[in-house]
Ligand SMILES: [Zn+2]
């Protein structure tokens, strides 16, 4: 199923969905893209990308496949 960013309408990658679930709300059914999420978190897309890598490789988080 295709997800779009709640705010800007951009198509989301599965990693962006997973990150949103991990950081914001596990049961979410609507998501923000990495750019909008970074804005909300006063972070940067680069930093969030690093987090995705971290969750996937270090934590082996089940949300990141
Ligand atoms: Zn967006």
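Numbering (the numbering used here), first residue to last: 3 to 67. All C-beta atoms in this analysis are idealised placements derived from N, C-alpha and C, irrespective of residue type, glycine included.
key: the region 32 to 40 contacting the region 10 to 22, beta-carbon criterion three pairs below 8 Å   = yes
ask   = Which residues bound the alpha helix (DSSP H) around residue 39?
value = 36 to 42
inquiry  = So for residue 6, helix, strand or coil by DSSP?
reply    = strand
message = Can you tell me whether residue 8 sits near ligand 1, meaning its C-beta is under 8 Å from at least one heavy atom of the ligand?
response = yes
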